[in-house]
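Written out below as structure tokens is the structure these notes cover.
Number of protein chains: 2
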Amino acid sequence: MPRRLPLDAYVDGVRAGDRAIVGRAITLIESQRADDQALGRALIERLIGDTGRAHRIGVTGVPGAGKSTFIEALGTRLCAAGHRVAVLAVDPSSARSGGSILGDKTRMQELAREPRAFVRPSPSLGALGGVARHSREAVLICEAAGYDLVLIETVGVGQSEVMVAHLVDTFLLLMIPGAGDELQGIKRGILELADLVAVNKADGDRVTAAERARRDYGHALHLMQPRSAGWQVPVLTCSAQSGAGIDALWAKIVEHRRHLEASGEWQRSREEQQVFWMWRALEERLLAEFRGHPAVQARLGAIEAAVRSRRLSPDHAAAELLALFSGRG
Amino acid sequence: MPRRLPLDAYVDGVRAGDRAIVGRAITLIESQRADDQALGRALIERLIGDTGRAHRIGVTGVPGAGKSTFIEALGTRLCAAGHRVAVLAVDPSSARSGGSILGDKTRMQELAREPRAFVRPSPSLGALGGVARHSREAVLICEAAGYDLVLIETVGVGQSEVMVAHLVDTFLLLMIPGAGDELQGIKRGILELADLVAVNKADGDRVTAAERARRDYGHALHLMQPRSAGWQVPVLTCSAQSGAGIDALWAKIVEHRRHLEASGEWQRSREEQQVFWMWRALEERLLAEFRGHPAVQARLGAIEAAVRSRRLSPDHAAAELLALFSGRG
Numbered sequence: 000m001p002r003r004l005p006l007d008a009y010v011d012g013v014r015a016g017d018r019a020i021v022g023r024a025i026t027l028i029e030s031q032r033a034d035d036q037a038l039g040r041a042l043i044e045r046l047i048g049d050t051g052r053a054h055r056i057g058v059t060g061v062p063g064a065g066k067s068t069f070i071e072a073l074g075t076r077l078c079a080a081g082h083r084v085a086v087l088a089v090d091p092s093s094a095r096s097g098g099s100i101l102g103d104k105t106r107m108q109e110l111a112r113e114p115r116a117f118v119r120p121s122p123s124l125g126a127l128g129g130v131a132r133h134s135r136e137a138v139l140i141c142e143a144a145g146y147d148l149v150l151i152e153t154v155g156v157g158q159s160e161v162m163v164a165h166l167v168d169t170f171l172l173l174m175i176p177g178a179g180d181e182l183q184g185i186k187r188g189i190l191e192l193a194d195l196v197a198v199n200k201a202d203g204d205r206v207t208a209a210e211r212a213r214r215d216y217g218h219a220l221h222l223m224q225p226r227s228a229g230w231q232v233p234v235l236t237c238s239a240q241s242g243a244g245i246d247a248l249w250a251k252i253v254e255h256r257r258h259l260e261a262s263g264e265w266q267r268s269r270e271e272q273q274v275f276w277m278w279r280a281l282e283e284r285l286l287a288e289f290r291g292h293p294a295v296q297a298r299l300g301a302i303e304a305a306v307r308s309r310r311l312s313p314d315h316a317a318a319e320l321l322a323l324f325s326g327r328g
Numbered sequence: 000m001p002r003r004l005p006l007d008a009y010v011d012g013v014r015a016g017d018r019a020i021v022g023r024a025i026t027l028i029e030s031q032r033a034d035d036q037a038l039g040r041a042l043i044e045r046l047i048g049d050t051g052r053a054h055r056i057g058v059t060g061v062p063g064a065g066k067s068t069f070i071e072a073l074g075t076r077l078c079a080a081g082h083r084v085a086v087l088a089v090d091p092s093s094a095r096s097g098g099s100i101l102g103d104k105t106r107m108q109e110l111a112r113e114p115r116a117f118v119r120p121s122p123s124l125g126a127l128g129g130v131a132r133h134s135r136e137a138v139l140i141c142e143a144a145g146y147d148l149v150l151i152e153t154v155g156v157g158q159s160e161v162m163v164a165h166l167v168d169t170f171l172l173l174m175i176p177g178a179g180d181e182l183q184g185i186k187r188g189i190l191e192l193a194d195l196v197a198v199n200k201a202d203g204d205r206v207t208a209a210e211r212a213r214r215d216y217g218h219a220l221h222l223m224q225p226r227s228a229g230w231q232v233p234v235l236t237c238s239a240q241s242g243a244g245i246d247a248l249w250a251k252i253v254e255h256r257r258h259l260e261a262s263g264e265w266q267r268s269r270e271e272q273q274v275f276w277m278w279r280a281l282e283e284r285l286l287a288e289f290r291g292h293p294a295v296q297a298r299l300g301a302i303e304a305a306v307r308s309r310r311l312s313p314d315h316a317a318a319e320l321l322a323l324f325s326g327r328g
């Protein structure tokens, strides 16, 4: 099988919902090769008209919250209910460390066997900006392939969630009962991004602890501004293992979508997200051109060191670097 | 009196701690005029060696939390204890609306009369990035003028606090007892930025409510990661009116500084902040050059509209705009 297909083969395969082609299309847009990236961009342009129809749902939580098990349980039910479900994963840690927190080929085997589901086994690689861009384009490919629900799993490391919040319509935060504060410690800002909070693993002898955690988080959230006006973030308990509470949680997710649609925020926020990504892409490219500039590369290290030691002010340093970039230096 | 002084007059006046000159130096660096900005930059370069010695303390809270009264009460005590205290204000709302939430010429009159204090009456103006840059340079000027404590007051509108968090060593969040959730609603991310939380207005018949609020916030914070490792964010009550709890709160602020110094985070975070501001300044200048480019200006509106309506993908739009900027378009 050729490493790369002709553009039309990607377009037709994705539109036909061919899962193998969908997978290869996502691999294409994640590629670091210049020619792959050009083809990937052309592919997105061809598909753009078929995108935007899915409910995009972010799922995050501390490691050990049971995100994969939860998504498998939820996804399987949604497929049975007639939905087509795509699952993507964002895990910048895999970019930095090479080792991934989320990614292993055997995850969500049951859901992956569902003909109505598509599970992207490995998380996006690359710098955070790149991760977010790849994930956004992967969402578009899944929508063009006819998936009406796209779940984006992300590990609760903070910055990736902020990016993912600009990708999704609904953001779900998974917690666990009875874990020590070290484990539960919510990274800065994440609680504020949540549209719904669910305490998972509310089964067996953990039901009481889960109930207590539910009250605690409900209390903490009550002190904070919800992400969307007029929406008080609900806190529920559930068990991906036993299935308890999963249907009620899904009902809340649907309710959140209705709330956004009724207030007009659904459309508004989608448009804002488009413009947000245009500027992020622009800044990414602009800074890449800047960092790649030979004169900048030659001096950057020395200038940063001078700024650290306060021999040079940040503004003066910025002016110097920009002059080098613009060929005025 | 001339609108503008020669560079040496600013340098000598600031170094001598002349409050009138300090005020005019800050006005200079806040000016939008190109020649003022050039002079302002030269001034910062001249003073850079005298900066970095103060404890930089951010004070934020919802409108009505009594920030100004609190800073006046705290600042007056610190001056009496032999400190030299500078008070700055960041209020991006004044930039957007023209009307300011914080700014009125009569604020902190008692503290302003203190010879050992400098109170900047009006908040910084300009875009948020600009506000932050001006505030950072104003801090440097106050340090060069010999103020060993610099308090930066900011209204709790969210984004400005994130910026200010990169300016300060210690971030204090002021709350009030018994207010409705609308009033108490903490903007996204702010609670996570706090190194200390104080429930103000704990006086008269509000003491019990303040105590309850203290427990509530302590509980919410216990579920979150502290901003600096090994520092559990303390929650105290105080009354700027009666003075109760102010000394205990100050002791905690000093304790926080000692904690940062002992762990080496004080020095580390100062160096990181310098590099952070270099990149912010760089991005600001780079994007300004970009937005100012005639070919970009001619097409930006149409391209943004196409992105909103999904006729053009964000990446394609970014590529188009960048080509125009680089003269390739």
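Quick mapping for you: the protein sequence lines, in order, are chains A and B.
Going by numbering that gives the first Met the number 0, the first residue of the first sequence is number 0, and it counts up by one from there.
Going by numbering that gives the first Met the number 0, the first residue of the second sequence is number 0, and it counts up by one from there.
Even for Gly, the Cβ is constructed at its ideal location relative to N, Cα and C.
- With contacts defined as CB atoms closer than 8 Å, Cys78(A) and Glu109(A) fail to qualify as a contacting pair.
- Scanning its chain for C-beta atoms nearer than 6 Å, with the 5 sequence neighbours on each side dropped, one finds around Cys141(A) the residues Ala85, Val149, in chain order.
- Checking the DSSP bridge columns, you'll see Phe117(A) partnered with Ala85(A).
- Within the same chain, Ile25, Leu87 come within 6 Å of Ala137(A) by CB-CB distance, once the 5 residues on both sides are set aside.
- Against chain B, a Cβ distance below 7 Å from Gln273(A) picks out Val306, Arg307, Arg309, Pro313.
- Counting only residues of its own chain and dropping the five nearest sequence neighbours on each side, Gly217(B) has a CB closer than 7 Å to the CB of Val234.
- Bounds of the beta strand (DSSP E) holding Ile56(B) are 54 to 60.
- For Asp215(B), the C-beta contacts it makes with chain A under 8 Å involve His218, Leu222, in order along the chain.
- Contact of Leu320(B) with chain A by beta-carbon distance below 7 Å involves Leu281.
- Partner residues in a beta bridge of Thr68(A), as assigned by DSSP, do not exist.
- If you draw a straight line from the Cα of Ile47(B) to the Cα of Asp11(B), it comes to about 14 Å.
- Proximity of Arg284(B) to chain A, defined by a Cβ-Cβ separation below 8 Å, is satisfied.
- Distance between Asp17(B) and Arg307(A), taken at the CA atoms: about 29 Å.
- Residue nearest to Ala116(B) within the set Arg213(B), Ala144(B), Arg135(B) is Ala144(B) (criterion: CA-CA distance).
- Residue pairing by DSSP places Ala197(A) opposite Leu173(A), Leu235(A) in a beta bridge.
- Ranked by Cα distance from Ile20(A), the options Arg119(A), Gln36(A), Arg32(A) are led by Arg119(A).
- Straight-line measurement puts the Cα of Arg40(B) at about 39 Å from the Cα of Gln224(A).
- One finds Pro313 in chain A with Cβ atoms closer than 7 Å to the Cβ of Trp276(B), taken in chain order.
- Using a CB distance below 7 Å, the part of the segment 38 to 55 of chain B facing chain A consists of Arg40, Ile43, Glu44, Ile47, Gly51, ordered along the chain.
- Judged by their CB atoms, Leu285(B) and Phe275(A) are not nearer to each other than the 8 Å cut-off.
- Beta-bridge partners assigned by DSSP to Thr153(B): Thr59(B), Val89(B).
- Straight across, the Cα-Cα distance linking Val89(B) with Ala64(B) is about 16 Å.
- Taking 8 Å as the cut-off, the Cβ atoms of Gln272(B) and His165(B) count as close.
- Taking a C-beta distance under 8 Å as the contact criterion, Tyr146(B) and Ala80(B) do not qualify as a contact pair.
- Identification of residues in the segment 253 to 273 of chain A having a C-beta nearer than 8 Å to some C-beta of chain B yields Glu270, Gln273, given in sequence order.
- With contacts defined as CB atoms closer than 8 Å, Lys200(B) and Ala209(B) qualify as a contacting pair.
- Assigned with DSSP and collapsed to three states, Met223(B) falls in strand.
- CA-to-CA, the gap between Arg135(B) and Pro176(A) works out to about 43 Å.
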